[in-house]
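Asker: Dropping a structure here in structure tokens format, bear with me for questions.
4 protein chains.
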Amino acid sequence: MKLKVAVNGYGVIGRRVADAVVLQDDMELAGVADLVTDWRMRVAVQRGFPIFAATAEAREAMNDRGFEPLGDLGSLLESADIVVDCTPKGVDARNRPLYEAAGIRAIFQGGAKHELTGHSFVASANYESALDRRMTRVVSCNTTATVRTLLALRQAGLLQRARGVLVRRATDPWESHTDGILNTMVPEPGIPSHQGPDAQTVIPELDVVTMASKAPQNVAHLHHWIIELTRTASRDEVIEAFRAVPRIAFIRVDDGIVALNVTAEVMKEIGRPRGDMWEVAIWEDILTVEGRELFYAYQVDNQAIVVPETIDAIRALCGTERDPEQSIRRTNAALGIGVAFL
Amino acid sequence: MKLKVAVNGYGVIGRRVADAVVLQDDMELAGVADLVTDWRMRVAVQRGFPIFAATAEAREAMNDRGFEPLGDLGSLLESADIVVDCTPKGVDARNRPLYEAAGIRAIFQGGAKHELTGHSFVASANYESALDRRMTRVVSCNTTATVRTLLALRQAGLLQRARGVLVRRATDPWESHTDGILNTMVPEPGIPSHQGPDAQTVIPELDVVTMASKAPQNVAHLHHWIIELTRTASRDEVIEAFRAVPRIAFIRVDDGIVALNVTAEVMKEIGRPRGDMWEVAIWEDILTVEGRELFYAYQVDNQAIVVPETIDAIRALCGTERDPEQSIRRTNAALGIGVAFL
Amino acid sequence: MKLKVAVNGYGVIGRRVADAVVLQDDMELAGVADLVTDWRMRVAVQRGFPIFAATAEAREAMNDRGFEPLGDLGSLLESADIVVDCTPKGVDARNRPLYEAAGIRAIFQGGAKHELTGHSFVASANYESALDRRMTRVVSCNTTATVRTLLALRQAGLLQRARGVLVRRATDPWESHTDGILNTMVPEPGIPSHQGPDAQTVIPELDVVTMASKAPQNVAHLHHWIIELTRTASRDEVIEAFRAVPRIAFIRVDDGIVALNVTAEVMKEIGRPRGDMWEVAIWEDILTVEGRELFYAYQVDNQAIVVPETIDAIRALCGTERDPEQSIRRTNAALGIGVAFL
Amino acid sequence: MKLKVAVNGYGVIGRRVADAVVLQDDMELAGVADLVTDWRMRVAVQRGFPIFAATAEAREAMNDRGFEPLGDLGSLLESADIVVDCTPKGVDARNRPLYEAAGIRAIFQGGAKHELTGHSFVASANYESALDRRMTRVVSCNTTATVRTLLALRQAGLLQRARGVLVRRATDPWESHTDGILNTMVPEPGIPSHQGPDAQTVIPELDVVTMASKAPQNVAHLHHWIIELTRTASRDEVIEAFRAVPRIAFIRVDDGIVALNVTAEVMKEIGRPRGDMWEVAIWEDILTVEGRELFYAYQVDNQAIVVPETIDAIRALCGTERDPEQSIRRTNAALGIGVAFL
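So the sequence lines, in the order shown, correspond to chains A, B, C and D. Counting the first sequence from 1 gives a position; my numbering is that position plus 1. Counting the second sequence from 1 gives a position; my numbering is that position plus 1. Counting the third sequence from 1 gives a position; my numbering is that position plus 1. Counting the fourth sequence from 1 gives a position; my numbering is that position plus 1.
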């Protein structure tokens, strides 16, 4: 019996989650709900996905445009075991009561607050604590990358204190015509920026502080980390520590991968759908250890990195796979993480 | 017997041509030659392509990096029926004598001058004149788009005079870290810019003048046209004329496709490899006819548009398919042009 | 007796108009009104300008932040002969009744519609028709540039038909952190774009059609024009025609001025306040005449070009200078237009 | 008797240094030397500066274009007490023997290596060690900002260890049409990036490590610092420490100054020539102290910040002002640093 997964919100994340669900042999897509009636809905139709209207008004508008939704959000929830909420920030909180009323498990995305579900999820860090829960939140792209990499150092007993400077992409490509910034940078007004504390919702013991800024590009986040280690360690030890955690990959300047755009080009060339990179890509030959200090930088594909985490969260909440490593392995195999190039 | 196609130059165009060759049931990839030894060559290896070194020095460097090329350019040319030259501007002209010496047919790209081959190619316009030639040049992305669309108007007997303003993308994504422009626009110093006269190498009768500028983005070219028609015509007649020519597609503002980045997002979403768009995408609801004047704008994916043309040029030079429509149909079917969405 | 000028709205345009008023020997600045309480108001204070609160709430907020406005908009209007409305689009229309109630002359900016005042102003084109009017609208940056240059051709008896492609800057520098676009271009959905018809509010006889797009830069607009002349003419004739109209300057590619950013750098280097360029800067060595066709491109500083027009409009409405050439000469001399470099 | 200052290289820095020299009452501009013959030389002529040709060929080219240089570099050096070398990286080193042969004091810019002169200069840090030297190097924009701010913490006895992430602007505005990057970020391949060690050429005792990246904008550098203090300290103490060092200014998010572009706009509005900001601008309300850790971010105008330092270096080398504070005060007063707004 496959898990029936509903996707509510068919945007940047929802589209990727829906595609990833379809690729898992233990899941099927119950349907996607949204309220748009433009090219985005036509893509869902072309993919052959069951379409539902997120609201009554949307249902009418969809019918007017010839989309023939199978029903509204309520009927979608009835037919599913679990819903992945990929709606915009603010909408997600309003959806929670609907999911509770429908008696359905629910996964929220990182735009939501930790308090909405009381649990924040990164597969390699705390899969087991999510087993059989009604709800969890897959943390944001920045937090996911932070947790994966700091977890690696922590598991190796190397992490004392982490200080990060996160230079964020300004907006996503699809809305860069309305929501961009231009020839400037915007520092986050508060220190710590929210990503540091957010990582502590997954691993409370982390000593982590982050500063953040926004740069005028839409390719990827670029994180810079300054780590105090628990002891002097070699570069090799550190790299080994990173290799021990799934969904961390290494790229190299001396392989010609010298900037965010090049990594993105590589992803397109190795055939990744949409050019997505699900891994955190650490620059191996930039990484430096000096005594008890470690410095490194990596690239985060903010549109893609949470997708495999979401797939794992589905299995964790539904309790159908109780071993984190097994779930991660299945997800990775289905998506093609680790089989090629990186 | 399949046509054996060599690809010399495994860059933005070469990679796409190699992939497209592999998809044709009447062609096989004899191999790719280049001199890089970084991630680009690793991609070729991962694809399982026969690899050759473009020069003797490159062969050594490749061996040093563990790539084990099967031979040099000479051996590649010996094993092929035709070579597609995708080397940078300037290198192509130096390669011509090599191809002649090898007695092999050759296709050059739009960076080369018309004089290099004496023939310039756009499949829908002059396929037949390329039949059995030793060499041709597939014209540049801007010229290909110009020819496809003006041809449409000309075939419908509507084209009197064409005046275009071509706003070009500044550079390609993969080299945007070294070769970009930033917060400015650069007008082409000469009028007509080279694209107008270049279109006349394919259709000499065109009355066409172009102005051009460069904009700080790497997504696509945006062409604006002001056409004097031979007579008053309706919008529908004009659209019908465009529909009659292959590899022209329509996009609509009222479908949410309002800017270059949105079209690019759509291509990724409908599963196009690398997000490529092989069609000229005309904004249908922007197109306006006023009396005997026609105004329209379209988007050109400069990395992709010449790829199907190159495939057709292979068949034309080799003479294995003498009917332009048949070749275009086969190429389109193999790539997936016209089957979906657009 | 100097003209007392009120400036309502102390933003990009208002700040420049206030400074320009101060430089005129026949005008004095009655004060500036706004509702912001951040650095922008501190600049007004530093300049020593009389400050007024645009609304009652603003007055309180200003007092809270220690700005001590001299009064509200009402008192400013009482003390002035004329008001220049530099408030955002939409606000201007709501202000009109206030100005009428105060019995004061008023100038609106190009964000307003022609219908708001029934008169649209460009000094070199229709100064005299504005004499003694209660209200006028100084047309937008794009329209001002269009009118200045097409007027030149018309006055020389050369203008038959004008077709333009206007590539607009996406936003102004000061708000580029919230209001930008990023790595894309946005075509205007309608043809003609509004600038063509808008030019006809100043010179109704113009046969002009414009297409427009938005580019990801905040430096300047770049207009491309394709002109059908009334007869064959020489390049020199055309250049002479442009020279005969004030506030048109020439720049040259062979002088190293090859892109928007270079022109902007020149303006800073010749000491223009804020780097402003009040002139339309035509590329002299790009301009081309072919038979009865003329092609040219120019750069428009969208923040500055309407400032001298506004100063002239003040004199025209107040009727204190009845000769257009005299007013233009005075304005130009006070600002420094034409004395240097260009 | 005024100091006669020669400026060799009339580019981004040379133009600013020449203007700043003219504003000092104890200096006069002996002349500027360059080899360009485009708008840049015309600006020098317009400013009324004595012009010299950097090379014999340049002299001919200048004469051909009607610039009439007064002589070549040799004659300029003869007539001056000191030369400020503002030539591009690489050229400076080749000029050193010329200056030695001419028996003239010389100041190099931060593109040069420390070894070229054996002394690296920041006025507030080590003015006295430069007194009567033949040569010094004014360190780069990034290093100047780093030294000014770390010096402040060190003088207050607060600085233990400094770790910085420097996000650099990609290129200068005037060459953004040829030398930009586009929609990407480029991490510096080495850690520490050169700025950390470079600061130690001025203050050897600093414990400082920097990472750096390049962002696609041309406005300013944005530095993020994570400081380990010698002891717990209050925010006020830290701010006081920064205030005690000249050419550090404070900006505030709650004053509307929220991004690089806004600060740049403020500089234009307060009438700074070219919109230059000579100060390091620290965001006061972003600065955070947590126990013994300090976090802050600031903006560096890379075109302007070294200009007052260069003026001070002139006095130090010539020994005409032996008190650092006096020199800094004179330079600041002449330029207008500290009198307004900030």
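Beta carbons are placed, not taken as given, at the ideal position from N, Cα and C, and that holds for glycine.
Based on the DSSP output, what are the partners of W284(C) in its beta bridges?
Answerer: Looking at the DSSP assignment, W284(C) forms a beta bridge with I252(C).
Asker: With a Cβ-Cβ cutoff of 8 Å, do I108(A) and L318(A) count as a contact?
Answerer: The answer is yes: Cβ separation under 8 Å.
Asker: Alpha carbon to alpha carbon, how far is I312(A) from V18(A)? Give it in angstroms, no decimals.
Answerer: Going from the Cα of V18(A) to the Cα of I312(A) covers about 8 Å.
Asker: Taking DSSP as the reference, what is the three-state secondary structure of S177(B)?
Answerer: Coil at S177(B), not helix or strand.
Asker: Taking Cβ positions, are M212(A) and E189(A) nearer each other than 8 Å?
Answerer: Yes.
Asker: Within this structure, are the beta carbons of Y299(A) and V281(A) separated by less than 8 Å?
Answerer: Taking 8 Å as the Cβ cut-off, Y299(A) and V281(A) qualify as a contacting pair.
Asker: On the DSSP bridge assignment, give the partners of R169(A) in chain order.
Answerer: According to DSSP, R169(A) bridges with K215(A).
Asker: Just checking: is the beta-carbon of A221(D) within a distance shorter than 8 Å of some beta-carbon in chain B?
Answerer: With 8 Å as the cut-off, A221(D) does not count as an interface residue toward chain B.
Asker: Given a cut-off of 8 Å on the beta-carbon distance, is the pair P78(C) and Y100(C) in contact?
Answerer: Before going on, a small fix: residue 78(C) reads as Leu here, not Pro. For L78(C) and Y100(C), yes; Cβs fall inside 8 Å.
Asker: By DSSP, does A265(A) sit in helix, in strand, or in coil?
Answerer: In the structure shown, A265(A) sits in a helix (DSSP, three-state: H, G or I).
Asker: Just checking: is the beta-carbon of K269(D) within a distance shorter than 8 Å of some beta-carbon in chain C?
Answerer: It does: the Cβ of K269(D) has a partner Cβ on chain C nearer than 8 Å.
Asker: Please confirm whether T38(C) and A62(C) have their CB atoms less than 8 Å apart.
Answerer: Cβ atoms of T38(C) and A62(C): closer than 8 Å.
Asker: May I ask you to verify whether the stretch 142 to 162 of chain C touches the stretch 128 to 148 of chain A, counting CB pairs closer than 8 Å and requiring at least 3?
Answerer: Touching, no.
Asker: So, N219(D) versus L183(B), is the Cβ gap smaller than 8 Å?
Answerer: Their beta carbons are under 8 Å apart, which means N219(D) touches L183(B) by this criterion.
Asker: Going along the chain, which residues of its own chain have a beta-carbon closer than 6 Å to the beta-carbon of A216(A), five neighbours each way excluded?
Answerer: Around A216(A): V168, M186.
Asker: Count the other CB atoms, across all protein chains shown, that sit within 10 Å of the CB of S130(C); report buried if there are 16 or more and exposed otherwise.
Answerer: That one is exposed.
Asker: Can you tell which of V267(B), A260(B), D237(B), E58(B) has its C-alpha closest to the C-alpha of D73(B)?
Answerer: Nearest C-alpha to D73(B): E58(B).
Asker: Does the distance from the CB of E270(B) to the CB of V44(A) come in under 8 Å?
Answerer: Yes, the Cβ-Cβ distance between E270(B) and V44(A) is below 8 Å.
Asker: Indicate whether V308(B) and W279(B) have their beta-carbon atoms separated by less than 8 Å.
Answerer: Yes. Within cutoff.
Asker: Output the boundary residues of the beta strand (DSSP E) element that contains N96(D).
Answerer: Element bounds for N96(D): not the beta strand (DSSP E) but the alpha helix (DSSP H), 92 to 102.
Asker: Between the beta-carbon of W284(A) and the beta-carbon of V267(B), is there less than 8 Å?
Answerer: Result no, Cβ atoms of W284(A) and V267(B) do not sit closer than 8 Å.
Asker: Helix or strand or just coil, what does DSSP make of Y128(C)?
Answerer: Y128(C): helix per DSSP, three-state reduction.
Asker: Taking 8 Å as the cut-off, does the stretch 319 to 337 of chain B touch the stretch 20 to 29 of chain B (at least 3 CB pairs, one atom from each stretch)?
Answerer: Touching, yes.
Asker: For a contact defined as C-beta to C-beta under 8 Å, what are the partners of S214(D) on chain A?
Answerer: The contacting residues are V168, L223, H225, A298.
Asker: Counting only the same chain and skipping the five closest in sequence on each side, list residues whose C-beta sits under 8 Å from that of T210(C).
Answerer: The identity of residue 210(C) in the sequence shown is Val, whereas the question assumes Thr. The residues are A163, R164, G165, I192, P193, G197.
Asker: List the DSSP bridge partners of M136(B).
Answerer: A107(B), per the DSSP bridge assignment.
Asker: From I338(A) to A305(A), what does the alpha carbon distance come to, in whole angstroms?
Answerer: Using only the alpha carbons, I get a separation of about 12 Å.
Asker: Thinking C-beta only, is V246(A) closer than 8 Å to A334(A)?
Answerer: No, Cβ-Cβ distance for A334(A) and V246(A) is not below 8 Å.
Asker: Which residues in chain C sit within 7 Å of D65(D), going by Cβ to Cβ distance?
Answerer: Near D65(D) there are no residues of chain C at all, since even the closest Cβ is about 13 Å away, more than 7 Å.
Asker: Against chain B, does L261(C) count as a neighbour if the rule is that its beta carbon must be under 8 Å from one of theirs?
Answerer: Output row for L261(C): interface = yes.
Asker: Drop a sphere of 10 angstroms on the beta-carbon of R95(B), count the other beta-carbons inside from all chains shown, and report buried for 16 or more, exposed for fewer.
Answerer: R95(B) comes out exposed.
Asker: How many Å lie between V301(A) and A7(A) at the Cα?
Answerer: C-alpha separation (whole angstroms): 26 Å.
Asker: Could you give the first and the last residue of the continuous alpha helix (DSSP H) run that contains M186(D)?
Answerer: Element bounds for M186(D): n/a, residue is neither H nor E.
Asker: Give the residues of chain A in contact with M186(D), contact being defined as C-beta atoms less than 7 Å apart.
Answerer: Going along chain A in sequence order, the residues near M186(D) (Cβ under 7 Å) are V168, A216, Q218, L223, A260, L261.
Asker: Grab the span of the beta strand (DSSP E) containing H222(A) for me, first residue to last.
Answerer: 222 to 230 is the extent of the beta strand (DSSP E) around H222(A).
Asker: If you measure between the beta carbons of H222(C) and R275(C), is that distance less than 8 Å?
Answerer: Result no, Cβ atoms of H222(C) and R275(C) do not sit closer than 8 Å.
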